[in-house]
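A.B. asks:
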């Protein structure tokens with residue numbers, strides 16, 4: 060009796076199962092090759108820059124190495140002082156041996172013409188340090204023992220415990236001090252983490268302001284966008300198309316133009332104040348101050364980010380069958396009850412998508428707060444830009460950006476836990 064359960068084969072006699080597996084493997088390779096350019100683009104423009112930012116936030120070698128920009132060769136500096144720090148625990152008072160090591164390193168800095176580089180690194184944590192290093196390096200060859208007295212004669216601040224703590228932290232290329240500075244903390248002479256003086260507590264206030272204003276702007280865009288999206292979804296096509304054009308019109312206008320337009324409208328002698336004075340609602344001496352404060356920032360950013368809330372809401376509302384609400388009304392529900400229990404729950408995915416999109420854009424906005432907000436209305440992004448462009452403290456800017464990124468990811472995780480990212484609908 061022959062076995063009728065013979066394996067299936069192809070026309071050329073090969074097993075069909077193996078042929079199917081090879082076909083699937085070829086299909087996977089083709090699919091991978093198709094998405095490879097996109098994957099490379101994401102890696103180059105997104106993953107790699109974020110990795111560099113995170114690395115920069117914990118790495119700064121300005122006090123320990125000098126790098127030749129032409130050849131890439133690195134020369135160690137401040138090696139003697141670093142060895143003293145390694146041999147003595149935090150809190151140890153600098154003795155003559157410490158000042159001798161410092162004097163020897165100042166000679167090296169003078170020869171390499173690098174006192175400004177080392178001083179700049181310490182200046183990030185203690186203002187005025189750069190001039191001390193350059194001044195001491197110029198006189199390094201003339202210093203004679205005892206070096207402690209010689210350096211203190213040059214500048215009494217060489218005995219400042221905070222300076223030595225800053226140099227101890229900078230003696231290692233890898234440090235968390237930039238993250239401490241980003242949350243208004245520092246290390247004292249004993250190495251303990253303490254709050255900075257009140258007049259230097261800036262970053263926590265800015266993070267709080269950024270979070271508060273972003274939440275307020277998100278709420279205001281929701282309040283304004285919900286009826287607009289409802290009209291778009293329920294009006295006849297000829298009217299909804301016109302309204303959609305008005306919603307999309309800001310995307311066809313430069314962000315800078317829209318921001319400067321709000322500056323014209325909101326300033327003390329602007330259109331809004333002139334109209335209110337002309338109607339007799341305000342006196343000429345009582346004009347509203349809506350520029351260079353939080354009010355201007357909220358108004359301008361709410362207008363700019365409003366379309367990002369309207370479009371996700373509209374994409375959800377246009378899929379809601381109006382017969383659901385009519386059925387609820389026919390069963391005796393009031394308009395409010397039908398809206399609250401039937402219509403609104405179906406729009407929650409659009410609300411979540413719009414809120415997440417607007418909030419993430421708001422926390423990272425830069426141009427509008429810089430032009431409209433002034434000192435009182437600026438966000439953490441403006442200070443990050445300041446450290447990147449003005450103070451050139453890129454490591455602190457990277458630490459601030461990393462904390463901002465971490466906060467956004469935390470909120471994203473909470474949203475996923477409470478609402479569910481699978482319910483997110485952007486269109």
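Numbering (our numbering), first residue to last: 60 to 486.
Beta carbons: idealized from backbone N, C-alpha and C, even for Gly.
(1) Is residue 402 near residue 384, with beta carbons less than 8 Å apart?
(2) What's the gap between the Cα of residue 168 and the Cα of residue 237?
(3) Please state whether DSSP places residue 253 in a helix, a strand or coil.
(4) Looking at the unbroken alpha helix (DSSP H) that takes in residue 189, where does it start and where does it end?
(5) Would you mind reading off the limits of the beta strand (DSSP E) that contains residue 124?
(6) With DSSP as the reference, label residue 285 as helix, strand or coil.
(7) Thinking just about the alpha-carbon of each residue, which of 405, 323, 296, 428 is nearest to the one in residue 354?
(8) My parser needs the alpha helix (DSSP H) runs of 4 or more residues fully inside the stretch 296-365; what are they?
(9) Using 8 Å as the cut-off, can you tell me whether the stretch 334-348 makes contact with the stretch 241-254, which would need three or more C-beta pairs spanning the two stretches below that distance?
(10) Three Cβ pairs or more, each shorter than 8 Å: is that satisfied between the stretch 440-460 and the stretch 112-125?
(11) Can you list, in chain order, the residues of its chain with a C-beta nearer than 7 Å to that of residue 193? Leave out the 5 residues immediately preceding and following it.
(12) Between which two residues does the beta strand (DSSP E) holding residue 408 run?
(13) Going by CA-CA distance only, name the one from 398, 363, 386 that's closest to residue 418.
(14) How would you write the range of the alpha helix (DSSP H) that residue 134 sits in, first residue to last?
(15) Answer with buried or exposed for residue 439, where buried requires no fewer than 16 other C-beta atoms within 10 angstroms of its C-beta.
(16) Residue 231 and residue 461 look like a contact to me (Cβ under 8 Å); what is the Cβ gap, rounded to whole Å?
(17) Starting from residue 208 and walking both ways along the alpha helix (DSSP H), at which residues does that stretch end?
(18) From what residue to what residue does the beta strand (DSSP E) around residue 244 run?
(19) Going by CA-CA distance only, name the one from 298, 343, 197, 356 that's closest to residue 320.
(20) How many Å lie between residue 423 and residue 286 at the Cα?
(21) Please report the Cβ distance between residue 265 and residue 140, rounded to the nearest whole angstrom; I am assuming they are in contact, meaning their Cβ atoms lie under 8 Å.
C.D. replies: Looking at the atomic coordinates:
(1) yes
(2) 24 Å
(3) Three-state DSSP puts residue 253 in a strand.
(4) 188-197
(5) It spans 124-126 - the beta strand (DSSP E) in which residue 124 sits, taken as one unbroken run.
(6) helix
(7) 428
(8) Listed in chain order, the complete alpha helix (DSSP H) runs (minimum 4 residues) inside the stretch 296-365 are 296-307, 314-325, 330-337.
(9) no
(10) yes
(11) Contacts found: 174, 175, 178.
(12) Here residue 408 belongs to no beta strand (DSSP E); instead the alpha helix (DSSP H) covers 403-422.
(13) Of 398, 363, 386, the residue nearest in Cα terms is 363.
(14) Unbroken run through residue 134 is the beta strand (DSSP E), 133-135; no alpha helix (DSSP H).
(15) buried
(16) That pair is no contact at about 19 Å.
(17) Run containing residue 208: 206-213, per the alpha helix (DSSP H) assignment.
(18) Run containing residue 244: 244-246, per the beta strand (DSSP E) assignment.
(19) 356
(20) If you take the alpha carbons of residue 423 and residue 286, they lie about 27 Å apart.
(21) So it is not a contact: roughly 34 Å between Cβ atoms.
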